[in-house]
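Student:
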Amino acid sequence: MSANLKGAALMVAAMAGFAVEDMLLKTASKTVPVGLILIIFGGLGTVWFAILAKSRGDRLFSRDLLHPVVGAKAVAEICGRLFFTLSLALAPLSTVSALLQASPLVVVAGAALFFGERVGWRRWSAIAVGFVGVLIVLRPGVDVSWGALAALAGMLGFALRDLATRGAPKSLSNMVLGVYGFLALVPTGAILLAFTGGAGVPPGSALGLIAVASVVGTAAYYALTAAMRLGEVAVVTPFRYTRLVFALILAALIFGERPDLMTLLGSAVIVGSGVYTLLRSRRATQKAAAQEA
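The UniProt record's numbering puts the sequence shown at residues 1 to 293.
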């Protein structure tokens, strides 16, 4: 099996894991306040990532953690996870997952704006088309919901987190950054609980769901990292969009959701634009490498 094929398989496995994580957290949100979910999920995620980081020999404490970009990443992680978890509690899983697929488009646009990466008119056009797909899913002025808006805010938070990760000191591994990203969720959940109430011991079944979600999510993140390191980025990255396929299947089987035509159409536009943007990015990278050779 080639490295690219192994990378693609790992990416698909990672996306399946993230979809299962979303399903478990959405189920738990029916009986557990979002603030409490963030505290438990953040605490468990911190432990799992710390174990992974130590197994790799990474240092958990470093002066580089004081870098401003690391702080920006933590804020983006908080915003992304907070609004995304809220959206899971308020909106259909299919809608939330569809809007999340716009994140790579925002990352490409942000890389051009903040890091000076060259993005041609074709990719800018694809990004614009992708945002049209977002509007199709949201349907502003027709059927927009607070849950969908929370999903949009969560997607933007995750995209900014990915951009901040690019600018973080190279001495900090993804696992170490994951430790502090999840750790920041604990006080965030506590603050949210202070405003919304609902603190208490969650039902055992819900606690089990959150615990399993943290394990599955950590394993998925590890598979994602392995996929990006093993295969060519331009080949492996498009398989991120399989997350939507898994989410739609779980939404139908577990929650009985039946996405309407507009949601499916908007999802197709977002995914198509994202795949095209990634393919154009690959061509641009190859062209630049050929010119330097």
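Each residue gets a CB set at the ideal place from its N, CA and C atoms; glycine is no exception.
Using DSSP with H/G/I as helix, E/B as strand and the rest coil, what is residue 170?
Tutor: DSSP places residue 170 in coil when its eight states are reduced to three.
Student: I believe residue 52 touches residue 228 by the beta-carbon criterion, under 8 Å. Please report the beta-carbon distance rounded to the nearest angstrom.
Tutor: Between residue 228 and residue 52 the Cβ distance is about 15 Å, and since that is not below 8 Å, they are no contact.
Student: Does the beta-carbon of residue 243 have 16 or more other beta-carbons within 10 angstroms, so that it is buried, or is it exposed?
Tutor: Classification of residue 243: buried, given that the 10 Å Cβ count is 16 or more.
Student: By Cβ distance, which residues of its chain are closer than 6 Å to residue 81, with the 5 residues on each side in sequence left out?
Tutor: The answer, listed in chain order, is 185.
Student: Give a yes or no on contact between the region 186-204 and the region 145-159, applying the rule of three or more CB pairs nearer than 8 Å.
Tutor: Output reads no: the region 145-159 does not touch the region 186-204.
Student: What ranges does the alpha helix (DSSP H) occupy inside the UniProt domain "EamA" (6-138), keeping only unbroken runs of at least 4 residues that lie completely in it?
Tutor: Counting whole runs of 4 or more residues, the UniProt domain "EamA" (6-138) contains the alpha helix (DSSP H) stretches 34-55, 68-90, 93-100, 103-114, 121-138.
Student: If you pair each beta-carbon of the region 121-130 with each one of the region 61-78, do three or more pairs fall below 8 Å?
Tutor: Because the criterion of three Cβ pairs below 8 Å is not met, the region 121-130 and the region 61-78 do not touch.
Student: Under the rule that 16 or more other beta-carbon atoms within 10 Å means buried, what is residue 204, buried or exposed?
Tutor: Per the 10 Å Cβ criterion, exposed.
Student: Over the uninterrupted alpha helix (DSSP H) stretch that includes residue 2, give me the two end residues.
Tutor: Note, residue 2: premise wrong, no alpha helix (DSSP H); not H, not E.
Student: What number of angstroms, rounded off, separates the C-alpha of residue 279 from the C-alpha of residue 128?
Tutor: Spanning the two alpha carbons is a distance of roughly 16 Å.
Student: I believe residue 27 touches residue 209 by the beta-carbon criterion, under 8 Å. Please report the beta-carbon distance rounded to the nearest angstrom.
Tutor: The pair is a contact, with the Cβ atoms about 6 Å apart (cut-off 8 Å).
Student: Counting only runs of 4+ residues fully inside the UniProt domain "EamA" (146-273), write out the alpha helix (DSSP H) ranges in chain order.
Tutor: 146-167, 174-183, 185-196, 204-230, 233-236, 242-255, all fully within the UniProt domain "EamA" (146-273).
Student: Report the option in 177, 253, 240, 138 whose CA atom is closest to the CA atom of residue 91.
Tutor: Cα-wise, what sits closest to residue 91 is 138.
Student: Counting pairs of Cβ atoms below 8 Å between the region 250-262 and the region 10-24, do you hit three or more?
Tutor: The region 250-262 is in contact with the region 10-24.
Student: Please classify residue 57: is it buried, with 16 or more other beta-carbons within 10 angstroms of its beta-carbon, or exposed?
Tutor: Flag for residue 57 reads exposed.
Student: With a Cβ-Cβ cutoff of 8 Å, do residue 155 and residue 86 count as a contact?
Tutor: No.
Student: Do you know offhand how far residue 158's Cα is from residue 2's?
Tutor: Whole-angstrom Cα-Cα distance: 31 Å.
Student: Hey, would you say residue 42 sits closer than 8 Å to residue 270, going by beta carbons?
Tutor: Against a cut-off of 8 Å, the Cβ pair of residue 270 and residue 42 comes out as no contact.
Student: Note down, in chain order, each residue of its chain lying with its Cβ closer than 6 Å to the Cβ of residue 103, except the 5 sequence neighbours on either side.
Tutor: Within the same chain, residue 103 has close Cβ partners 155, 158, 159.
Student: Taking the CB atoms as reference points, tell me whether residue 112 and residue 119 lie closer together than 8 Å.
Tutor: In contact: residue 112 and residue 119 (Cβ atoms closer than 8 Å).
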